[in-house]
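In full-length UniProt numbering, the protein residues as written are 1 to 494.
Set out below in structure tokens:
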């Protein structure tokens, strides 16, 4: 039985004892008369001791040790509930002020301030504050809560509040408190107009190891410099993230998410894991130095402002590590309204760390894709494995003089792909330009080892286009060429 169950049992047992005594006494008297003689002398002594214990009306809850009572209150995980337990026993009144862990949820800010002022401990293990949305607080109110929290020196601090703002930007200024014992801080201000601007003399976090900030702006570079022991940093924002700067010799995990990421500047020799996700409307700059990283995952969604040529636009960019190998996946589609891109997507690709696997998801709508893939490969000559996934195929021919086929001499061009060893094409439609693309790859990659072609559901393995591809494969016996139908069954063409 745990401490809470024991306390509940004691509370239940205490009030019931006096109510049972008259009935028990009546039964004992009747039993004595029926027997005609009393119990032995030793039995009578034991009987009297039990009767005295039953007549003892001491409050069982009040008899619990203070340490056990505090343990019960801590397990409630709610300071308000802990304070209300005083109805059980007068001894419990005010004990919440001595608890090592305090949690204030769905309580107005004024009540939180009043409660914090009554806390007698000068050092807490946990302080958890969650201000409800119906009680939005100003930036001075946020600063006041931070100062009140620092006075209690919590090891772990969590502050979630709906900071009040008017859309013009508000700031928490002035000297920040020093959290000299705090190893973990979570701040969620739920207001993208809020700026955390700690002044130069304050805001020192000498032992802080974990920091999570969401729903507000702050200077990552300035804040990280004040955390000499920081190991984990999480940044979440619904507004503009700006540029994330992290120069730290200790940080091992970095998680960034939100909109409007303009760039990253990372110098972290101990960094092991880096996760990043953002929606982009403008270009970004990447400066990344983390030689020890072995878990990498970046994801960007684009607003069709980066592309190649007149019609191809970048929709998503994913970059991750897979068994120490870096993989880049580009999701590219066509535009129907021919919006002009403000930059070439290869400008973004060129800033990424070196990768050896390239995956292209092309929403072609039956447009010719050989020229755009060749353009991308010109900037990715170190790729060892190429995967092309054809999406949104309509089995139609694109219009004559379509810009998708420009430059028209792409079939005869030649680039050096000395590192390329494996190629996979999914949803192959056996069109003439697709066979031309395969021929181009074989010509540019003399060290090719394996080619895998997976046919579209609309393509028969016995079609004329497929037969032309089979004959071409036979001309390269040193390359392992595999063809599979839509259901995954291998096509034997030899």
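Ideal Cβ positions, reconstructed from N, Cα and C, are used throughout, including at glycine.
Own chain, CB closer than 8 Å to residue i, minus 5 neighbours either side, in chain order
i           : result
residue 137 : 109, 131, 145, 161, 162, 163, 164
residue 334 : 311, 312, 313, 363, 364, 365, 367, 404
residue 147 : 177
residue 133 : 162, 190
residue 384 : 356, 357, 419, 420, 421, 422
Beta-carbon contacts of residue i that lie in its chain and below 6 Å, excluding the five residues immediately before and after
i           : result
residue 564 : One cannot answer for residue 564 here, as it falls past the ends of the chain, which runs 1 to 494.
residue 267 : 247, 289
residue 25  : Note on residue 25: pLDDT 37, under 50, position unreliable in the model; no value is reported.
residue 372 : 308, 312
residue 452 : 424, 482
residue 299 : 277, 318
residue 461 : 485, 491
residue 280 : 300, 302
residue 374 : 410
residue 469 : 435
residue 380 : 358
residue 227 : 205, 208
Beta strand (DSSP E) segment containing residue i, residue limits
i           : result
residue 188 : 184-188
residue 266 : 253-267
residue 330 : 325-334
residue 178 : Unbroken run through residue 178: none, as it is neither H nor E.
residue 195 : 194-196
residue 406 : Here residue 406 belongs to no beta strand (DSSP E), and DSSP marks it neither H nor E.
residue 345 : It is not in any beta strand (DSSP E) - residue 345 instead sits in the alpha helix (DSSP H) that spans 345-349.
residue 501 : Residue coverage of the chain in this structure runs from 1 to 494, which leaves residue 501 outside it and unanswerable.
residue 481 : 480-484
For residue i, the first and last residue of its enclosing alpha helix (DSSP H)
i           : result
residue 225 : 220-225
residue 123 : Per DSSP, residue 123 belongs to no alpha helix (DSSP H) and is neither H nor E.
residue 373 : 370-378
residue 469 : 464-474
residue 435 : 432-444
residue 152 : Careful: residue 152 lies outside any alpha helix (DSSP H) and carries neither H nor E.
residue 491 : No alpha helix (DSSP H) holds residue 491; DSSP gives it neither H nor E.
Alpha-carbon spacing of residue i relative to residue j, whole angstroms
i           : j           : result
residue 302 : residue 152 : 45 Å
residue 154 : residue 208 : 11 Å
residue 359 : residue 450 : 16 Å
residue 342 : residue 283 : 9 Å
residue 104 : residue 243 : 34 Å
residue 107 : residue 259 : 31 Å
residue 229 : residue 210 : 9 Å
residue 295 : residue 255 : 11 Å
residue 329 : residue 217 : 30 Å
residue 514 : residue 414 : No answer is possible for residue 514: it lies beyond the span of the chain, which begins at 1 and ends at 494.
residue 321 : residue 419 : 19 Å
residue 111 : residue 212 : 25 Å
residue 214 : residue 128 : 16 Å
residue 194 : residue 455 : 53 Å
residue 183 : residue 120 : 21 Å
residue 477 : residue 471 : 11 Å
Residue burial classification, residue i (beta-carbon count within 10 angstroms, cutoff 16)
i           : result
residue 98  : exposed
residue 142 : buried
residue 192 : buried
residue 575 : Lying outside 1 to 494, the shown extent of the chain, residue 575 is not represented and no answer is given.
residue 432 : exposed
residue 399 : exposed
residue 392 : exposed
residue 459 : buried
residue 348 : buried
residue 340 : exposed
residue 237 : buried
residue 464 : exposed
residue 114 : exposed
residue 416 : exposed
residue 205 : buried
residue 429 : buried
Identified DSSP bridge partners for residue i
i           : result
residue 423 : 386, 451
residue 137 : 163
residue 312 : 308, 334
residue 216 : Paired residue(s): none; residue 216 is not in a bridge.
residue 157 : 127, 185
residue 298 : 276, 319
residue 243 : 263
residue 104 : 129
residue 286 : 264
residue 232 : 210, 253
residue 428 : 455
Near the ligand MG: residue i beta-carbon under 7 Å from a heavy atom
i           : result
residue 188 : The ligand MG is absent from the structure shown, which contains no ligands of any kind.
Same chain only: Cβ atoms within 7 Å of residue i, ignoring 5 sequence neighbours per side
i           : result
residue 480 : 449, 450
residue 272 : 252, 253, 292, 293, 294, 295
residue 150 : 177, 178, 179
residue 353 : 288, 326
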